[in-house]
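For reference, the structure discussed in these notes is given below.
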Amino acid sequence: MNLGIAGKRALVCAASKGLGKGCAMALAEEGVELVILARGREALEAAASEIRSKTGAKVSTVACDITTAEGRAAALAACPDPDILINNAGGPPPGDFREWNRDVWIKALDANMLTPIELIRATVDKMIARKFGRIVNITSSAVKAPIDILGLSNGARTGLTGFVAGLSRNVASHNVTINNLLPGAIETDRLRSNFAAIARNRNISV
Ligand SMILES: NC(=O)c1ccc[n+]([C@@H]2O[C@H](COP(=O)([O-])OP(=O)(O)OC[C@H]3O[C@@H](n4cnc5c(N)ncnc54)[C@H](OP(=O)(O)O)[C@@H]3O)[C@@H](O)[C@H]2O)c1
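Add 1 to a position in the sequence shown, counting from 1, and you land on the number used in our numbering.
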């Protein structure tokens, strides 16, 4: 496929595994230059090598926690002016809302709502000035069909969706689009660990 994005620069968050890595590979196949990040350096470098060898794309890495201010600063220092921003991070843990205090909620909101908003804030005006920008937030089908044990995810991602719905209407006329990807069940490490948690809860095997 030729999406007409060859030569663009992309910052792909949480991209050493799973959906983020899938997005990075797809962009690289289109000739996009990448900065990918994740916390664990080993898997990150392995993903970067795999993407380089399969696509020939230029891939830089930043080992950082994107949910922290330091992590975002490191990511933006490596890629201050992306044409394409893929917002992604690990999802909050499943559980019973009775056990979640304010700190637990703030952590989930930080990771899955405020981090993408901060990265959009740091990059969207430069996209507007260039008259090109593509922002994709990896969220969850739980935004449309909330899942009982994923209350932290339902809450944080719905908040992000509401915010983005307003902003996207405001920037679209500058050829800057903001969209959300709402994956259902896709077999990744995250899905396997969620299924294991459900099985433990129900005392069944997976
Ligand atoms: N898979 C599904 O079926 C599904 C469905 C709906 C929603 N989602 C959501 O989609 C997102 C990605 O899920 P996935 O299934 O692709 O997960 P995954 O296979 O576990 O991969 C997660 C990736 O994110 C990185 N990461 C996690 N936390 C990070 C952080 N704080 N800073 C930087 N990198 C971080 C991980 O590397 P490190 O651990 O080394 O940092 C890894 O590269 C999650 O938010 C998940 O909740 C997934």
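Backbone N, C-alpha and C define an ideal beta-carbon position, used for all residues, glycine too.
>> Let me check understanding here. Comparing Cα to Cα, which of N113, T189, S142, K132 lies closest to N176?
In response: Locating residue 176 in the sequence shown gives position 175, counting from the first residue. When C-alpha distances from N176 are compared across N113, T189, S142, K132, the shortest belongs to K132.
> Between the Cα of I87 and the Cα atoms of G32, G23, K145, which residue gives the shortest distance?
Replying inline: Your numbering for residue 87 matches position 86 in the sequence shown. Of the candidates G32, G23, K145, the residue whose Cα lies closest to the Cα of I87 is G23.
> Do the region 129 to 149 and the region 75 to 92 touch if we need at least three Cβ pairs shorter than 8 Å?
Replying inline: Contact between the region 129 to 149 and the region 75 to 92 is present, because at least three Cβ pairs lie under 8 Å.
> Is the Cβ-Cβ distance between E34 and K59 less than 8 Å?
Replying inline: Numbered from its first residue, the sequence shown carries residue 34 at position 33. Numbered from its first residue, the sequence shown carries residue 59 at position 58. By the CB criterion at 8 Å, E34 and K59 fall inside the cutoff.
> So does the region 32 to 49 actually touch the region 7 to 16, counting three or more Cβ pairs closer than 8 Å?
Replying inline: By the Cβ criterion, the region 32 to 49 is in contact with the region 7 to 16, since at least three pairs of Cβ atoms, one from each stretch, lie closer than 8 Å.
>> Just to confirm my understanding: we take M128, look at its own chain, exclude 5 residues before and 5 after, and list those with CB closer than 6 Å. What are they?
In response: Locating residue 128 in the sequence shown gives position 127, where the first residue counts as 1. Counting only Cβ-Cβ distances below 6 Å, and skipping sequence neighbours, we find G134, V177.
> Hey, would you say I179 sits closer than 8 Å to L192, going by beta carbons?
Replying inline: Numbered from 1 along the sequence shown, position 178 holds the residue referred to as residue 179. Numbered from 1 along the sequence shown, position 191 holds the residue referred to as residue 192. It is not a contact, given that the beta carbons lie outside the stated cut-off.
> Can K145 be considered in contact with ligand 1, in the sense that its beta carbon sits closer than 7 Å to one or more heavy atoms?
Replying inline: Against the sequence shown, residue 145 aligns to sequence position 144. Incorrect: K145 has no Cβ contact closer than 7 Å to ligand 1.
> Taking the C-alpha atoms as reference points, what is the distance between V63 and R170?
Replying inline: Counting from one through the sequence shown, the residue named residue 63 turns up at place 62. Counting from one through the sequence shown, the residue named residue 170 turns up at place 169. In a straight line, the C-alpha of V63 is about 31 Å away from that of R170.
> Which of the three DSSP states, helix, strand or coil, is assigned to A58?
Replying inline: What you label residue 58 is simply residue 57 of the sequence shown in a count that begins at 1. Under the three-state reduction of DSSP, A58 is assigned to coil, being neither helix nor strand.
>> In the DSSP output, what is V63 paired with across the bridge?
In response: Here residue 63 corresponds to residue number 62 of the sequence shown, with the count starting at 1. DSSP, once it has assigned bridges, lists L38 as partnering V63.
> To which residues of the same chain is V165 closer than 7 Å at the C-beta, ignoring the five residues directly before and after it?
Replying inline: Residue 165 sits at position 164 when you count from the first residue of the sequence shown. If we look at V165 and ignore the five residues flanking it on each side, its Cβ neighbours are N138, I179, N181.
>> Restricting to runs no shorter than 4 residues, where is the alpha helix (DSSP H) found entirely within the region 112 to 177?
In response: Within the region 112 to 177, the runs of alpha helix (DSSP H) at least 4 residues long that lie entirely inside it are, in chain order, 116 to 131, 152 to 172.
> To which residues does DSSP link L86 through a beta bridge?
Replying inline: Start at 1 with the first residue of the sequence shown, and residue 86 comes out as number 85. Bridge partners of L86: L12, I136.
>> Mapping the DSSP letters down to three states, classify N181 as helix, strand or coil.
In response: What you label residue 181 is simply residue 180 of the sequence shown in a count that begins at 1. In the three-state DSSP reduction, N181 falls in the strand class (E or B).
> Taking 7 Å as the cut-off, does the CB of L38 come closer than this to any heavy atom belonging to ligand 1?
Replying inline: Locating residue 38 in the sequence shown gives position 37, where the first residue counts as 1. In this structure, the C-beta of L38 approaches ligand 1 to less than 7 Å from one of its heavy atoms.
>> Here's a check: name, in chain order, each residue in its chain whose Cβ is nearer than 6 Å to the Cβ of A143, leaving out the five neighbours to either side.
In response: Walking along the sequence shown from the start, residue 143 turns up at place 142. L151, S154, N155.
>> Tell me the rounded alpha-carbon separation between K108 and F196.
In response: Indexing the sequence shown from 1 puts residue 108 at position 107. Indexing the sequence shown from 1 puts residue 196 at position 195. One alpha carbon belongs to K108, the other to F196, and they sit about 22 Å apart.
> Looking at the unbroken alpha helix (DSSP H) that takes in K108, where does it start and where does it end?
Replying inline: By 1-based counting over the sequence shown, the position of residue 108 is 107. Residues 103 to 110.
>> Please determine whether the Cβ atom of S141 lies at a distance below 7 Å from any heavy atom of ligand 1.
In response: Position 140 of the sequence shown, counted from the first residue, corresponds to residue 141. At least one heavy atom of ligand 1 is nearer than 7 Å to the Cβ of S141, so yes.
>> Between I6 and E31, how many whole angstroms is the CB-CB distance? I'm expecting something under 8 Å.
In response: Numbered from its first residue, the sequence shown carries residue 6 at position 5. Numbered from its first residue, the sequence shown carries residue 31 at position 30. Rounded, the Cβ-Cβ distance is 5 Å, consistent with contact.
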